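Q:
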Amino acid sequence: MSLLNVFEIAGSAMTAQSQRLNVVASNLANADSVTSANGQAYRAKQVLFSELAFGGATGKGVQVTGVIEDPSPGKQVYDPKHPMADAQGYVTMPNVSVVDEMVNMIAAARAYQNNVEMLNTAKSLLLKTLTIGQ
Amino acid sequence: MINSLDKLFQFNQNALNVRAFRQQLLASNIANADTPGYKARDIDFAAALREAAEGRPVSATSLRVSSDKHLAGAAKDDPAAVLYRSVQQPSIDGNTVDMDMERNRFAENAVHYDANITFINSKIKTLLAAIQG
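Chains as they are written, first to last, in the working numbering: chain A, -3 to 130; chain B, 442 to 574.
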C-alpha cells in the first residue's frame, strides 16, 4: 500500500527537520557563550541529512546521519577586561552566524509545514479510499 | 458475473495503484528537499497505466536478453519504471528537488486520486440502480 508509505516518509522528514530546528535553537541560544565544558568558545553545529530507504521500496525518507561542528574560526573581539581574554586582550567569540541561523530556522519550519500538509493529504486520500462503495 | 464486475473495476483499480505509487514518490521528493545529492524522481503516468492495463510491468531496468537461455530479470514490485526528473535550476549541493513543482504535482496527483474514487463510487451506484431498479 503505497499511500501508507507517505506517512513514514513525511514522518521521517518531520523528525529530521525538528532535529535541525533543535540544533538551530542551540546555536542561537549559545551565540554569546565564550566558554563551555572544554574551556573553548561554543562552536556552531549543523545536522547532516541523507536518504533513508524503506525496505527496498522506491520511496525515500530522510534521516539525520550526524551532527557536525562548524570548523570556521570564531570572531576575535578586543576586550582586555574580559575574564576570558588571552594575553593580547582578545576574546574568542562563538562562530555562530545569527543571520544564517535565522534563515536556517525559517527553512526548517517551512519544510516541516510542507511535510505536515503532505501527511494530511495522504490521510484524507486514505479516508476517502475507505469510503468506496458507501 | 463476478468476472465482468472484476473487469469493470480493473481499470480504476490500476489507475488508483499507479496514482498511490506516484503519490509516494512525490512525497519522497518533498521530504528530501533539503537532502544533499538527492535526485527528484517521478513516473510517466500514461506509460505506467498502459503497462498496468496490459498486466505486465515492463520496467526500464528489466534485463534485455539476446537468448532465451539467459536469466530473466526478477519482476519488480513497482508498478512503473521510475525516472529521474530533468533539472531546471540546479543547486550546488546536487539536490534536484524544485519544491514549487513538487507541491503542484503532489496536489494534482491527490486530486486525480480523489476523482478516481468518485468514478468508482458512481460506477457502484449505477450498478446498484440497475440491480434495485
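The C-beta atom is built at its ideal place from N, Cα and C for all residues, glycine as well. These figures come from a predicted structure and were not determined experimentally.
Measuring only between beta-carbons, confirm whether B:Tyr479 sits less than 8 Å from chain A.
A: Chain A, which has a Cβ nearer than 8 Å to the Cβ of B:Tyr479, makes this yes.
Q: For B:Gln465, which option in A:Phe3, A:Asn18 and A:Leu24 has the closest C-alpha, if you only look at C-alpha atoms?
A: Cα-wise, what sits closest to B:Gln465 is A:Phe3.
Q: Out of A:Leu24, A:Gly57, A:Leu115 and A:Gln84, which has the shortest C-alpha to C-alpha gap to B:Ala474?
A: Of the listed residues, the one whose Cα sits closest to B:Ala474 is A:Gly57.
Q: Below 8 Å on the Cβ atoms is my guess for B:Ile572 versus A:Ile128; work out the distance and round it to an integer in Å.
A: Between A:Ile128 and B:Ile572 the Cβ distance is about 17 Å, and since that is not below 8 Å, they are no contact.
Q: Give the DSSP bridge partners of B:Asp483, in chain order.
A: Answer is B:Leu524, bridged to B:Asp483.
Q: For B:Ile443, return the contacting residues in chain A, with the cut-off set at a CB-CB distance below 9 Å.
A: Within chain A, no residue comes near B:Ile443; the closest Cβ sits about 16 Å away, beyond 9 Å.
Q: Rank B:Tyr479, B:Leu457 and B:Gln451 by C-alpha distance to the C-alpha of B:Ser532 and give the top, closest one.
A: The candidate whose alpha carbon is nearest that of B:Ser532 is B:Tyr479.
Q: Helix, strand or coil, according to DSSP, for A:Phe50 in the structure here?
A: DSSP places A:Phe50 in coil when its eight states are reduced to three.
Q: Using a Cβ cut-off of 9 Å, pull out every chain A residue sitting near B:Phe452, in sequence order please.
A: Within 9 Å Cβ-Cβ: nothing; B:Phe452 doesn't reach chain A, min ~15 Å.
Q: Given B:Ala470, which residues of its chain have a CB within under 6 Å of its CB, disregarding the five upstream and five downstream residues?
A: At residue 470 of chain B the sequence reads Asn, which differs from the Ala that was named. Answer for B:Asn470: Ala481, Val538 and Glu543, listed in chain order.
Q: Chain B beta carbons: is any one of them nearer than 8 Å to that of A:Lys124?
A: Taking Cβ atoms only, chain B reaches closer than 8 Å to A:Lys124, which makes this a yes.
Q: Mapping DSSP to helix, strand and coil, what is A:Gln15?
A: If DSSP states are grouped into helix, strand and coil, A:Gln15 belongs with the helices.
Q: At the 8 Å Cβ level, is A:Glu65 part of the contact set with chain B, yes or no?
A: No, its Cβ sits nowhere closer than 8 Å to a Cβ of chain B.
Q: In three-state terms, what does DSSP make of A:Tyr74?
A: Strand at A:Tyr74.
Q: Among the residues of its own chain, which have a CB less than 6 Å from the CB of B:Ala501, if the five just before and after it don't count?
A: With a pLDDT of only 46 at B:Ala501, under the threshold of 50, the placement of this residue in the model should not be trusted, and no figure is reported.
Q: At a CB-CB cut-off below 8 Å, which residues of chain B make contact with A:Gly62?
A: The contacting residues do not exist; A:Gly62 stays about 13 Å from chain B at best.
Q: Can you tell me where the beta strand (DSSP E) with A:Val60 in it begins and where it stops?
A: Start and end: Lys56 to Glu65.
Q: Select from the stretch 24 to 54 of chain A all residues with a C-beta closer than 7 Å to any C-beta belonging to chain B, and list them in chain order.
A: Under the 7 Å Cβ criterion, the stretch 24 to 54 of chain A contributes Phe45, Ser46, Glu47 and Thr54.
Q: Among all the DSSP beta bridges, which residues are the ones paired with A:Phe45?
A: For A:Phe45, which the question treats as bridged, DSSP gives the partners A:Val60.
Q: Quick one: what's got a C-beta closer than 6 Å to A:Asn111's C-beta in the same chain, skipping five residues either side?
A: Closer than 6 Å at Cβ, skipping near neighbours: Ala6, Ala9 and Met10.
Q: A:Lys138 touches chain B at which residues, Cβ-Cβ below 7 Å?
A: Nothing in the structure corresponds to residue 138 of chain A, since chain A is present only between -3 and 130.
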